[in-house]
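Undergrad:
There are 2 protein chains.
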Amino acid sequence: MLTVLAGGVGAARFLRGLLRVVPPERVTAVVNVGDDVTLHGLRICPDLDSITYTLAGLVHPVQQWGRADERFTVRDELTRLGDAPWFTLGDRDLALHLHRTGRLAAGATLSAVTADVARAHGLGLTLLPVTDDPVTTRIRTVDGRDLHFQEWWVRERAGADVAAVTFAGADAATPAPGVVEALATAEAVLVAPSNPVVSIGPVLAVPGVTAALAATPAPVVGVSPVIGGRVVRGMADRLLPAVGAVTSAAGVARWYGARRDGGLLDGWVIDTADAADLAELADLPLRTAATDTLMDDPDVAAALARTCLAVAGVTP
Amino acid sequence: MLTVLAGGVGAARFLRGLLRVVPPERVTAVVNVGDDVTLHGLRICPDLDSITYTLAGLVHPVQQWGRADERFTVRDELTRLGDAPWFTLGDRDLALHLHRTGRLAAGATLSAVTADVARAHGLGLTLLPVTDDPVTTRIRTVDGRDLHFQEWWVRERAGADVAAVTFAGADAATPAPGVVEALATAEAVLVAPSNPVVSIGPVLAVPGVTAALAATPAPVVGVSPVIGGRVVRGMADRLLPAVGAVTSAAGVARWYGARRDGGLLDGWVIDTADAADLAELADLPLRTAATDTLMDDPDVAAALARTCLAVAGVTP
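Quick note, the sequences are listed as chains A and B, same order. Those letters in the first sequence? Residues 1235 to 1550, per this note's numbering, in order. Those letters in the second sequence? Residues 1235 to 1550, per this note's numbering, in order.
Here's what the structure looks like:
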């Protein structure tokens, strides 16, 4: 089993590449839930849904999240009611939120709902929320406010400077069924090029996950989300400084840390544009590679996945 | 103040007529919540919404509930997910459910949300849910099952014979703010031609409402939901026998009872097609009138409202 620690869009594109290289039944994604939010009574899981939509071929091709051919009748009606949602709520997307909310209200776990939704979309991989327990990424702003991640990111468009990032509930959370097994028995653990702070961070904040990662005999190989010294998309550049990390391919590797030093990584794959960063990492016990990591082309994503497997020493 | 005990469609049409006769600020509707249901995590209040849509001119002109120009993108997506809803969920209608659910989750009362929604739709009357507490109409079927009213009525299309109707939560419910005042200070209380058992029944099941109705100096005048010996729409004919009532204009009046005998009514307005029923009611201390009660034409509804006011002894 190849077990991928995953956020949203970047992970979705990485998984799409990996699934061109290995059969889906060999892939498990352990997905961030820190972004999840309840709005208008609906439970919304952006990272799980971005992965589902991308792998099912339903994703909006430009924005890379939400549905292609989306409609906004409900949003327009909410606006008419004076309750314009600050979070994008497309009609088709809403159906999934309604489905999930109804199942959760009836007592299903998030992991059970996620598995059924993946099956309904014809996905062959195993899709696991990192935990069925509530874990919420909170942003403490420099101006002293405590915001849900989505309030900071979507509602305020990341306008406020970040003082600290915390994962409410993480200390008490246990890994969802299958997560520890997927890490313990993996051929390799791959860390998708997702936001280290708010996509991978909440996954690593669940104590049982940290323990399983420390104990697994599998190599852990990450992909840099920084390309050419810059974040491809999202706001890692707003968040990395808040956690004391440098926004560079080397800086992120150093923040994750080498496994032999108590950190996460055995290997680190960066973009060729950042090849100079390899020298900065020479003191870390990491297997490294530099390749094309910009995954606009699924063939590039597939080649990136092959590189990761090579660094991990795993045959595709 | 003219205070109207109201269910859904029949009450909506009656109120539309009444609002042609008197200014809206003189009208308060006390609305059934027993039909309310939580589906897919959303709080749905069919009677409140039917009244709102009808009075705002948004109602579907044929079915008389839900929105005209409705769309069903969300429902179709839910169906694709294998979760086809048995309750009609139109896109525009969903927006109101989302709005309400979000506000309730944030701590607002149903009466506060209802007032705001009415205002957002430009309604001038006062729209009150009978209670902010949970009251749910349950149907016990002859085959021994205990169903939510909507499960029996919509999901099973009223297929099962009814052994008993109960209003779960009613005993502990208190009237919503304004309800007791609207009854105590009314010029007249009008009972809309709604289903006596499952539309008016849950309103009367709230102890504080019963007490306020017994104590009010205002005359209480009802309109028969039976026309020509038959129920115009809905399923009162399936339910009246279950509560020991006869499906006729006289039978419903007798089931409500005359106020001086401990019942509800001081007056009773029936359709001219049922004029023969008046003889059956001769022993009851009721002021009665027979007129056209089929409200397909709003002018007829307005004339019906005038007749009710005349029976109540109130000047329009």
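We put the beta carbon where it would ideally sit given N, CA and C, even for glycine.
1) If you count every other CB in all the chains shown that lies within 10 Å of the CB of A/Pro1451, and 16 or more means buried, which is it?
2) Within 10 angstroms of the Cβ of B/Ala1420, are there 16 or more other Cβ atoms? Answer buried if so, exposed if not.
3) Might you give, ordered along the chain, the residues of its own chain that have their beta carbon closer than 8 Å to the beta carbon of B/Ala1416, omitting 5 neighbours on each side?
4) From A/Leu1292 to A/Arg1301, what distance separates their C-alpha atoms?
5) Just to make sure I have the definition right: I need the residues of chain B whose C-beta is within less than 8 Å of the C-beta of A/Gly1336. Which are they?
6) Cβ of A/Arg1488 less than 8 Å from any chain B Cβ?
7) From the beta carbon of A/Ala1329, is the nearest beta carbon of chain B less than 8 Å away?
8) Could you confirm whether any beta carbon from chain E is found closer than 8 Å to the beta carbon of B/Ala1420?
9) So, does the CB of A/Asp1325 fall closer than 8 Å to a CB anywhere in chain B?
10) Taking the alpha-carbon of B/Arg1464 as reference, which of B/Ile1504, B/Val1437 and B/Ala1449 has the nearest alpha-carbon?
11) For the ligand FMN, is there any heavy atom lying closer than 7 Å to the beta carbon of A/Val1443?
12) Quick check on A/Ala1402: does DSSP put it in helix, strand or coil?
13) Taking contact to mean 3 or more Cβ pairs, one atom from each stretch, closer than 8 Å, check whether the region 1465–1484 of chain B and the region 1541–1550 of chain B are in contact.
14) Using only alpha-carbon positions, find the residue among B/Val1440, B/Ala1487, B/Ala1524 and B/Ala1410 that is nearest to B/Ser1428.
15) Cβ of B/Ala1339 less than 8 Å from any chain A Cβ?
16) Are the C-beta atoms of A/His1333 and some chain B residue less than 8 Å apart?
17) Does A/Glu1311 get closer than 8 Å to chain B when you measure Cβ to Cβ?
18) Under 8 Å, Cβ to Cβ, is there at least one residue of chain A near B/Arg1521?
19) For A/Pro1257 and B/Pro1436, I'd like the C-alpha separation in whole angstroms.
20) Quick check: the region 1331–1341 of chain A against the region 1267–1278 of chain A, are there 3 or more CB pairs under 8 Å?
21) Just the chain B side, please: which residues come within less than 9 Å of A/Ala1354 by C-beta, in chain order?
22) Can you tell me whether B/Asp1380 is helix, strand or coil according to DSSP?
23) Return the chain-ordered list of same chain residues with a C-beta closer than 8 Å to the C-beta of A/Leu1447, the five sequence neighbours on each side being excluded.
24) In angstroms, rounded to a whole number, what distance separates the CA positions of A/Thr1444 and A/Asn1266?
25) Helix, strand or coil for B/Asp1281 per DSSP?
26) When the cut-off is 8 Å and only beta carbons count, does A/Thr1307 lie next to chain B?
27) Is B/Val1200 helix, strand or coil by DSSP?
28) Does the beta-carbon of A/Asp1317 have 16 or more other beta-carbons within 10 angstroms, so that it is buried, or is it exposed?
29) DSSP has B/Arg1540 in a bridge; who is on the other side?
30) What's the C-alpha gap between A/Thr1400 and A/Val1271?
31) Along the chain, where does the beta strand (DSSP E) containing B/Trp1502 start, and where does it finish?
32) When we look at the beta-carbon of B/Ala1410 and count the other beta-carbons within 10 Å, is it buried (16 or more) or exposed?
33) Buried or exposed: where does B/Arg1247 fall if 16 or more other Cβ atoms within 10 Å of its Cβ makes it buried?
34) Helix, strand or coil for B/Arg1464 per DSSP?
35) B/Gly1527 and B/Leu1538: beta carbons closer than 8 Å?
36) Compare the Cα-Cα distances from A/Thr1375 to each of A/Leu1315, A/Val1396 and A/Gly1501 and report the closest residue.
TA: With the structure as the only source:
1) On the first sequence, residue 1451 of chain A is found 217 positions in, with the first residue counted as 1. Burial call: exposed.
2) The count along the second sequence starts at 1 and reaches residue 1420 of chain B at position 186. Result: buried.
3) For the purposes of this step, residue 1416 of chain B is identified with residue 182 of the second sequence, where counting begins at 1. Correct list, in chain order: Met1235, Thr1237, Thr1262, Val1264, Thr1360 and Leu1362.
4) Taking the first residue of the first sequence as position 1, residue 1292 of chain A is located at position 58. Taking the first residue of the first sequence as position 1, residue 1301 of chain A is located at position 67. Looking at the two C-alpha atoms, the distance is approximately 6 Å.
5) By one-based count along the first sequence, residue 1336 of chain A stands at place 102. Here the neighbours are Leu1273, His1274, Gly1275 and Asp1317.
6) Translated into positions along the first sequence, residue 1488 of chain A becomes position 254. Chain B, which has no Cβ nearer than 8 Å to the Cβ of A/Arg1488, makes this no.
7) The sequence position of residue 1329 of chain A within the first sequence is 95, counting from 1. Yes, contact with chain B.
8) Of the chains in the structure shown, none is chain E; the protein chains are A and B.
9) Stepping through the first sequence from its first residue, residue 1325 of chain A is reached at position 91. It does; some Cβ of chain B falls within 8 Å.
10) Translated into the one-based positions of the second sequence, residue 1464 of chain B becomes position 230. The candidate whose alpha carbon is nearest that of B/Arg1464 is B/Ile1504.
11) Looking for the ligand FMN in the displayed structure turns up nothing, as the structure carries no ligands at all.
12) In the first sequence, residue 1402 of chain A corresponds to position 168, counting from 1. Correct three-state label for A/Ala1402: strand.
13) no
14) The residue given as residue 1428 of chain B occupies position 194 in the second sequence. Among B/Val1440, B/Ala1487, B/Ala1524 and B/Ala1410, the Cα nearest to that of B/Ser1428 belongs to B/Ala1487.
15) On the second sequence, position 105 is the one that residue 1339 of chain B refers to. It does; some Cβ of chain A falls within 8 Å.
16) The residue given as residue 1333 of chain A occupies position 99 in the first sequence. Yes, contact with chain B.
17) For the purposes of this step, residue 1311 of chain A is taken as residue 77 along the first sequence, with counting starting at 1. Yes, A/Glu1311 counts as interfacial toward chain B.
18) Here the question's residue 1521 of chain B lines up with position 287 in the second sequence. For B/Arg1521, the answer is no, since every Cβ of chain A falls outside 8 Å of its Cβ.
19) On the first sequence, position 23 is the one that residue 1257 of chain A refers to. On the second sequence, position 202 is the one that residue 1436 of chain B refers to. Computed Cα separation, rounded: 58 Å.
20) yes
21) Sequence index remark: in the first sequence, residue 1354 of chain A carries index 120 (1-based). In chain order: Arg1314, Leu1315, Gly1316 and Asp1317.
22) Within the second sequence, residue 1380 of chain B is the residue found at index 146, counting from 1. Here B/Asp1380 sits in strand by DSSP.
23) Locating residue 1447 of chain A in the first sequence gives position 213, counting from the first residue. The answer, listed in chain order, is Leu1417, Val1423, Leu1438, Val1454 and Leu1498.
24) Position 210 of the first sequence, counted from the start, is the residue given in the question as residue 1444 of chain A. Position 32 of the first sequence, counted from the start, is the residue given in the question as residue 1266 of chain A. Taking the straight line joining both Cα atoms gives about 14 Å.
25) For this step, residue 1281 of chain B is matched to residue 47 along the second sequence. In this structure, B/Asp1281 counts as helix in the three-state DSSP scheme.
26) Here residue 1307 of chain A refers to the residue found at position 73 when the first sequence is read from its first residue. Yes, because at least one Cβ of chain B sits closer than 8 Å to the Cβ of A/Thr1307.
27) Any question about residue 1200 of chain B goes unanswered here, given that chain B covers just 1235 to 1550.
28) In the first sequence, the residue the question calls residue 1317 of chain A occupies position 83. Buried, since its Cβ has 16 or more Cβ neighbours within 10 Å.
29) As a first step, residue 1540 of chain B must be located in the second sequence, where it is residue number 306. None; B/Arg1540 has no bridge partner.
30) In the first sequence, counting from the first residue as 1, residue 1400 of chain A sits at position 166. In the first sequence, counting from the first residue as 1, residue 1271 of chain A sits at position 37. One C-alpha to the other measures close to 15 Å.
31) In the second sequence, residue 1502 of chain B corresponds to position 268, counting from 1. First-last of the beta strand (DSSP E) with B/Trp1502: Gly1501 to Asp1505.
32) If you number the second sequence from 1, residue 1410 of chain B lands on position 176. It is buried - the Cβ of B/Ala1410 has at least 16 other Cβ atoms within 10 Å.
33) As a position in the second sequence, residue 1247 of chain B is number 13, starting the count at 1. Label assigned to B/Arg1247: buried.
34) Locating residue 1464 of chain B in the second sequence gives position 230, where the first residue counts as 1. Correct three-state label for B/Arg1464: strand.
35) The residue given as residue 1527 of chain B occupies position 293 in the second sequence. The residue given as residue 1538 of chain B occupies position 304 in the second sequence. The amino acid at residue 1527 of chain B is misidentified as Gly; the sequence shows Thr. The answer is yes: Cβ separation under 8 Å.
36) In the first sequence, counting from the first residue as 1, residue 1375 of chain A sits at position 141. Among A/Leu1315, A/Val1396 and A/Gly1501, the Cα nearest to that of A/Thr1375 is on A/Val1396.
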